[in-house]
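In UniProt numbering, the protein residues as written are 1 to 126.
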(Lines of atoms letter the chains of each structure in order from A; the text may use other names.)
(Lines give C-alpha, C1' and ligand atoms only; values in the text may rest on other atoms or scores of the structure.)
Protein backbone atom coordinates (compact mmCIF):
# COMPACT_ATOMS: atom_id res chain seq x y z
CA UNK A 1 0.00 0.00 0.00
CA UNK A 2 1.27 3.45 -0.85
CA UNK A 3 1.52 6.15 1.78
CA UNK A 4 -1.45 8.42 2.40
CA UNK A 5 -1.15 12.21 2.56
CA UNK A 6 -2.76 13.58 5.72
CA UNK A 7 -4.42 16.96 5.93
CA UNK A 8 -6.69 18.68 8.40
CA UNK A 9 -9.61 17.23 6.42
CA UNK A 10 -8.65 13.56 6.81
CA UNK A 11 -6.34 13.38 9.85
CA UNK A 12 -8.88 12.51 12.54
CA UNK A 13 -10.88 10.06 10.45
CA UNK A 14 -7.69 8.28 9.32
CA UNK A 15 -6.45 7.89 12.90
CA UNK A 16 -9.80 6.79 14.31
CA UNK A 17 -11.03 4.47 11.55
CA UNK A 18 -7.92 2.31 11.18
CA UNK A 19 -6.41 -0.16 13.63
CA UNK A 20 -2.79 0.95 13.19
CA UNK A 21 -1.61 4.22 11.66
CA UNK A 22 1.99 5.39 11.39
CA UNK A 23 2.38 9.10 10.70
CA UNK A 24 5.59 10.60 9.33
CA UNK A 25 5.77 14.34 10.06
CA UNK A 26 8.10 15.85 7.45
CA UNK A 27 8.95 18.96 5.41
CA UNK A 28 10.33 19.40 1.91
CA UNK A 29 13.41 21.34 3.13
CA UNK A 30 14.35 18.60 5.66
CA UNK A 31 17.25 16.41 4.47
CA UNK A 32 16.73 13.68 7.13
CA UNK A 33 13.06 13.58 6.09
CA UNK A 34 14.11 12.77 2.53
CA UNK A 35 16.47 10.07 3.83
CA UNK A 36 13.66 8.48 5.86
CA UNK A 37 11.07 8.66 3.04
CA UNK A 38 12.18 5.50 1.16
CA UNK A 39 12.41 3.54 4.44
CA UNK A 40 8.85 4.58 5.31
CA UNK A 41 7.60 3.79 1.79
CA UNK A 42 9.20 0.32 1.91
CA UNK A 43 7.52 -0.32 5.26
CA UNK A 44 4.17 0.62 3.71
CA UNK A 45 4.75 -1.97 0.99
CA UNK A 46 5.88 -4.63 3.48
CA UNK A 47 2.95 -3.97 5.85
CA UNK A 48 -0.17 -3.39 3.74
CA UNK A 49 -2.40 -3.90 6.80
CA UNK A 50 -0.99 -0.75 8.42
CA UNK A 51 -1.80 2.75 7.22
CA UNK A 52 1.39 4.67 6.53
CA UNK A 53 0.63 8.38 6.35
CA UNK A 54 2.73 11.47 5.73
CA UNK A 55 1.95 14.92 7.06
CA UNK A 56 3.69 17.98 5.61
CA UNK A 57 4.47 20.17 8.62
CA UNK A 58 4.68 23.29 6.46
CA UNK A 59 1.19 23.02 4.99
CA UNK A 60 -0.46 21.47 8.07
CA UNK A 61 0.82 23.73 10.83
CA UNK A 62 -2.27 23.43 13.06
CA UNK A 63 -1.97 19.65 13.30
CA UNK A 64 1.80 19.93 13.75
CA UNK A 65 1.30 22.33 16.66
CA UNK A 66 -1.50 20.26 18.20
CA UNK A 67 0.71 17.14 18.04
CA UNK A 68 3.52 19.14 19.69
CA UNK A 69 5.98 18.27 16.92
CA UNK A 70 9.22 20.15 17.62
CA UNK A 71 11.63 18.23 15.37
CA UNK A 72 11.33 16.45 12.05
CA UNK A 73 11.12 13.84 10.92
CA UNK A 74 8.94 12.60 13.76
CA UNK A 75 7.11 9.29 13.67
CA UNK A 76 3.87 8.84 15.58
CA UNK A 77 2.14 5.47 15.86
CA UNK A 78 -1.55 5.18 16.68
CA UNK A 79 -3.35 1.98 17.61
CA UNK A 80 -7.15 2.02 17.79
CA UNK A 81 -7.04 5.82 17.81
CA UNK A 82 -4.57 6.07 20.71
CA UNK A 83 -1.05 7.47 20.45
CA UNK A 84 1.23 4.57 21.43
CA UNK A 85 4.63 5.70 20.07
CA UNK A 86 6.39 8.95 19.29
CA UNK A 87 10.00 9.48 18.24
CA UNK A 88 11.86 12.22 16.45
CA UNK A 89 14.61 11.34 13.99
CA UNK A 90 14.98 9.23 10.88
CA UNK A 91 14.73 5.56 11.84
CA UNK A 92 16.76 2.92 10.02
CA UNK A 93 14.77 0.08 8.43
CA UNK A 94 15.39 -2.38 11.28
CA UNK A 95 14.24 0.12 13.92
CA UNK A 96 11.07 0.95 11.96
CA UNK A 97 10.34 -2.78 11.56
CA UNK A 98 10.73 -3.17 15.32
CA UNK A 99 8.28 -0.31 15.95
CA UNK A 100 5.77 -1.95 13.61
CA UNK A 101 6.05 -5.30 15.39
CA UNK A 102 5.84 -3.72 18.85
CA UNK A 103 2.73 -1.72 17.92
CA UNK A 104 1.17 -4.84 16.34
CA UNK A 105 1.91 -6.82 19.49
CA UNK A 106 0.34 -4.37 21.94
CA UNK A 107 -2.36 -5.78 24.18
CA UNK A 108 -4.88 -2.98 23.79
CA UNK A 109 -6.90 -4.24 26.77
CA UNK A 110 -3.83 -3.59 28.94
CA UNK A 111 -3.23 -0.21 27.28
CA UNK A 112 -6.85 0.68 28.03
CA UNK A 113 -6.43 -0.33 31.68
CA UNK A 114 -3.42 1.99 31.90
CA UNK A 115 -5.51 4.84 30.54
CA UNK A 116 -8.29 4.14 33.04
CA UNK A 117 -5.86 4.26 35.95
CA UNK A 118 -4.53 7.73 35.06
CA UNK A 119 -7.86 9.39 34.48
CA UNK A 120 -8.32 8.39 30.87
CA UNK A 121 -5.59 10.45 29.29
CA UNK A 122 -2.86 9.08 27.08
CA UNK A 123 0.62 10.20 28.00
CA UNK A 124 3.57 10.75 25.70
CA UNK A 125 6.70 9.70 27.59
CA UNK A 126 9.31 10.91 25.14
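Backbone N, C-alpha and C define an ideal beta-carbon position, used for all residues, glycine too.
The model shown is predicted, which means the values in this text are computed figures rather than measured ones.
Contact annotation: residue 7 and residue 60 have beta-carbon atoms nearer than 8 Å.
Rounded to whole angstroms, the separation of the alpha carbons of residue 64 and residue 112 is 25 Å.
Between residue 106 and residue 79, the C-beta gap is smaller than 8 Å, which places the two residues in contact. It is roughly 12 Å from the alpha-carbon of residue 92 to the alpha-carbon of residue 33. A direct Cα-Cα distance of roughly 26 Å separates residue 30 from residue 20.
Assignment of beta-bridge partners to residue 80 by DSSP yields no partner. About 5 Å separates the beta carbon of residue 96 from that of residue 43, a gap short enough to meet the 8 Å contact definition.
Close CB contacts of residue 57 within its chain, under the 7 Å cut and outside five residues either way in sequence, are with 25, 26, 27, 64, 69 and 72 (chain order).
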